[in-house]
Amino acid sequence: MTVDMDGVFCEPPLGQNLGIHRTFYDPSAPPHSARVYPRWLNAPLDRLRFDFRRPMPGARDALLRLATVRRLILVTGRRTRPNWWLHRHDFDGFFEAVYVNQSGLGSAHYKQALLHRLQPAEHVEDDGRTAQLLAQTSETRVYLCDWPRNRDLPLDPRIVRVGGLVELAHRLAP
130 MTVDMDGVFC
140 EPPLGQNLGI
150 HRTFYDPSAP
160 PHSARVYPRW
170 LNAPLDRLRF
180 DFRRPMPGAR
190 DALLRLATVR
200 RLILVTGRRT
210 RPNWWLHRHD
220 FDGFFEAVYV
230 NQSGLGSAHY
240 KQALLHRLQP
250 AEHVEDDGRT
260 AQLLAQTSET
270 RVYLCDWPRN
280 RDLPLDPRIV
290 RVGGLVELAH
300 RLAP
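For the sequence shown, the working numbering assigns the number 130 to the initial residue and increments by one for each residue that follows.
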């Protein structure tokens, strides 16, 4: 099982998940490229952007439960490794591997390419646009964590909506 980070087990600033998109990509169109800053600039910007975020309530226990029934792999659209955050919040050792976006692709297309390579049975996501793209272009079962910005979207019927990681752990690891 691959697991996204921000909005899944890492809380967005002020609880507002503004990174969720309400429009979808055409799955047959070429991937969108991303604006990628030089590493010397990106590393400190990511620290400012991500290091002060807290874990989602119940996320640590939910991941521990899921790890009893699934192999967990972290897949994040971040461009820097979240090792410091994982260590600080005692998430060390939960994931067999950690993948960050070191490509020129935007987050959704990066995850699409990586999941095509990894072939996970399941993926946990918070962004409706990414969930839709993955459901339309792979056999991976996609769990979409509930956020106000991804409600009422006309999602692919193969996407499974969940209240969050805690609810998913209750479903899969009772």
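A virtual CB, placed ideally from N, CA and C, is assigned to each residue, including glycine.
> For the stretch 178-238, which segments carrying the beta strand (DSSP E) assignment without a break, of at least 3 residues, lie completely within its bounds, in sequence order?
Replying inline: 202-205 and 226-229
> Are at least three pairs of beta-carbons, each pair with one atom in the stretch 270-281 and one in the stretch 249-256, less than 8 angstroms apart?
Replying inline: yes
> Since residue 273 sits in a beta bridge, which residues does DSSP pair it with?
Replying inline: 254 and 290
> Are residue 135 and residue 182 close, meaning C-beta to C-beta below 9 angstroms?
Replying inline: yes
> In this structure, what does DSSP give as the bridge partners for residue 135?
Replying inline: 139
> Hey, how far is the Cα of residue 261 from the Cα of residue 291?
Replying inline: 15 angstroms
> Going by other Cβ atoms of all chains shown within 10 Å of its Cβ, with 16 needed for buried, is residue 169 buried or exposed?
Replying inline: exposed
> If you check the beta carbons only, do residue 163 and residue 239 fall under 9 angstroms apart?
Replying inline: yes
> Alpha carbon to alpha carbon, what distance is there between residue 184 and residue 219?
Replying inline: 10 angstroms
> What does DSSP give as the partner residues of residue 267 in its beta bridges?
Replying inline: In DSSP, residue 267 forms no bridge with anything.
>> Taking the alpha carbon of residue 180 as the reference point, which residue from 159, 153, 139 and 186 has its own alpha carbon closest?
In response: 139
> Taking just the CA atoms, how far does residue 199 sit from residue 269?
Replying inline: 14 angstroms
>> Taking the straight line between their C-alpha atoms, what separation do you get for residue 226 and residue 282?
In response: 31 angstroms
>> Pull the bridge partners of residue 162 from the DSSP assignment, please.
In response: 234
> On the premise that residue 204 lies in contact with residue 228, defined as a C-beta separation below 8 angstroms, what is that separation, rounded to the nearest angstrom?
Replying inline: 5 angstroms
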